[in-house]
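Structure first, commentary second.
Protein chains in written order, with the working numbering: chain A, 0 to 221; chain B, 131 to 421.
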């Protein structure tokens, strides 16, 4: 799905010092916030490998928190995010790990409080990112496409029911990724699309039987 | 329309009788479903952000979080005020602008990654310094920045522009090649000489490792920016004299990729060797982790 664009080469406008360790961290935070889609009360950030080792000097911790709070990669408030008004109302902490099974720049967002959710992602270079896991499900999306995320009971015909609604909107599917915890158990679907889905289409998808969760995650602007 | 190599770019520009930036902006606008004017507006926004970063950096002596950098740009400006550069005002501006931007990056200021944050001082310093001194209009500066972006795009088709993948040759090295091409465009060179400027700059930086002390984008990255900005000017001067690269540009990019693959992972942004593991590098690391 990688498309190299000349605009990508001369961007982003960002707070330094590292595209992977700072801008990538903000973007991972933003995407995790959009997937969670609830007010953030309590969160633990687990940083792995290079993110854990050099994160402090690169402001990775600040970037992750700033993203979860909704700041963009070019927001100068990132520098002092720990002392900002925005950060006062949430309970956050950071943990640091070494794990060679994980990407060099990996992070888990563990949302706690009324709504619990665990989201894992990697910063894969030059500010590009990928969300790899939501709770126990593997997913793959990068914030470059508007993305529809579904968690549902593993029943026959679910893909065709969802794709029929998307097709009726004249929207093209760029990629489709499914996973399940076991046959007939809980399953997940991650659909990246070209263009945009209308709210009415998303509402229609929500009426499909056996769905536990529907999220429409918009692509990142910067 | 897909252009994947510099040979394809050159052939397309010749066939359509277009400059590199004209071809690039049309194809790119179409891909992004926008007009050329809209695309140029985005490029202008980034150009303005580059100028803001230079301005902020010139006026600050604040240290980075690690304490390893900050203040050198002020020193260099003071030196030039006291004793002008042997090479004139453009040299003074390029070196101070590159340091200003890179120091600003290290202290978590706002910069434009071009192509990366660690190499963010190279293209802007050359482009802005030369434009100021030669009176290049904003439109011409945008043309040059689009040229730089197109050069980086074609290289990134083959090589991921990340120190962890291919070393600093793929970050500051590619930035210097982009700056050389942008400068050649700014000075009115044709497609052939623009691409020779890119080739000469890139060829001379093959094998550059990425061995940052403490894994931070500071030592040696910050000072490398003014060095490689000036390096881009050398490449432009040679190419504009009609000096050609014996090895064609696409083959140089293949070599960039191959060299990146052959380079030990210890020298690719892992801080496991090189400057990061010198006696002093280790001491700085110890101090940093105790912080």
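The C-beta atom is built at its ideal place from N, Cα and C for all residues, glycine as well.
Name, please, each residue of chain A whose Cβ falls closer than 8 Å to the Cβ of residue i.
i: residue 283(B); result: 3, 4, 5, 7 and 8
i: residue 344(B); result: 53 and 56
i: residue 234(B); result: 15
i: residue 196(B); result: 56
Measure the C-alpha to C-alpha separation of residue i and residue j and round it to an integer number of angstroms.
i: residue 173(B); j: residue 153(B); result: 15 Å
i: residue 1(A); j: residue 191(A); result: Note on residue 1(A): pLDDT 46, under 50, position unreliable in the model; the coordinate value appears next. Their Cα atoms are separated by approximately 13 Å.
i: residue 381(B); j: residue 215(B); result: 37 Å
i: residue 56(A); j: residue 196(B); result: 6 Å
i: residue 11(A); j: residue 219(B); result: 30 Å
i: residue 262(B); j: residue 254(B); result: 12 Å
i: residue 93(A); j: residue 212(B); result: 48 Å
i: residue 271(B); j: residue 149(A); result: 46 Å
i: residue 410(B); j: residue 312(B); result: 37 Å
i: residue 166(B); j: residue 319(B); result: 22 Å
i: residue 290(B); j: residue 257(B); result: 24 Å
Would you mind telling me which residues of chain A sit closer than 7 Å to residue i, beta carbon to beta carbon, in chain order?
i: residue 174(B); result: Neighbours of residue 174(B) on chain A: none; closest Cβ ~11 Å, over 7 Å.
i: residue 154(B); result: 5
Excluding the five sequence neighbours on either side, which residues of its own chain have a C-beta within less than 6 Å of the C-beta of residue i, listed in chain order?
i: residue 207(A); result: 160
i: residue 37(A); result: 114
i: residue 259(B); result: 220, 223, 224 and 227
i: residue 358(B); result: 252, 302 and 306
i: residue 73(A); result: 12 and 13
i: residue 98(A); result: 47
i: residue 125(B); result: With chain B represented from 131 up to 421, any question about residue 125(B) goes unanswered, as that position is not in the structure.
Applying a beta-carbon distance threshold of less than 7 Å, which residues of chain B neighbour residue i?
i: residue 18(A); result: 243, 246 and 247
i: residue 12(A); result: 176, 179, 240 and 242
i: residue 78(A); result: 238
Between residue i and residue j, is the Cβ-Cβ spacing less than 9 Å?
i: residue 6(A); j: residue 287(B); result: no
i: residue 389(B); j: residue 296(B); result: yes
i: residue 200(B); j: residue 227(B); result: no
i: residue 223(A); j: residue 110(A); result: The requested residue 223(A) does not occur in the structure, where chain A is confined to residues 0 to 221.
i: residue 246(B); j: residue 309(B); result: no
i: residue 20(A); j: residue 58(A); result: yes
i: residue 139(A); j: residue 129(A); result: yes
i: residue 131(A); j: residue 95(A); result: no
i: residue 331(B); j: residue 365(B); result: yes
i: residue 67(A); j: residue 147(A); result: no
i: residue 188(B); j: residue 230(B); result: yes
Give me whichever residues DSSP pairs with residue i in a beta bridge.
i: residue 43(A); result: 92(A) and 109(A)
i: residue 176(A); result: 189(A)
i: residue 13(A); result: 241(B)
i: residue 214(A); result: 148(A)
i: residue 121(A); result: 105(A) and 129(A)
i: residue 393(B); result: Paired residue(s): none; residue 393(B) is not in a bridge.
i: residue 116(A); result: 110(A)
i: residue 136(A); result: 133(A)
i: residue 298(B); result: Its beta-bridge partners do not exist; DSSP assigns none.
Using a Cβ cut-off of 8 Å, pull out every chain B residue sitting near residue i, in sequence order please.
i: residue 125(A); result: 243, 245, 246, 290, 291 and 292
i: residue 75(A); result: 239 and 240
i: residue 83(A); result: Within chain B, no residue comes near residue 83(A); the closest Cβ sits about 14 Å away, beyond 8 Å.
Starting from the C-beta of residue i, find all residues in its chain whose C-beta is less than 7 Å away, skip the five residues before and the five after it, and write them out in chain order.
i: residue 135(B); result: 284 and 380
i: residue 219(A); result: 26, 29, 30 and 142
i: residue 397(B); result: 297, 339, 340, 341, 403 and 404
i: residue 336(B); result: 299, 385, 386 and 389
By Cβ distance, which residues of its chain are closer than 8 Å to residue i, with the 5 residues on each side in sequence left out?
i: residue 182(B); result: 240
i: residue 273(B); result: 149, 151, 315 and 316
i: residue 178(B); result: none
Quick one: list the residues of chain B neighbouring residue i, beta-carbon separation under 9 Å, in chain order.
i: residue 38(A); result: Per Cβ cutoff of 9 Å: no residues; residue 38(A) is ~27 Å from chain B at best.
Name the chain A residues that come within less than 9 Å of residue i, Cβ to Cβ?
i: residue 167(B); result: In chain order: nothing, as chain A lies at least about 14 Å away.
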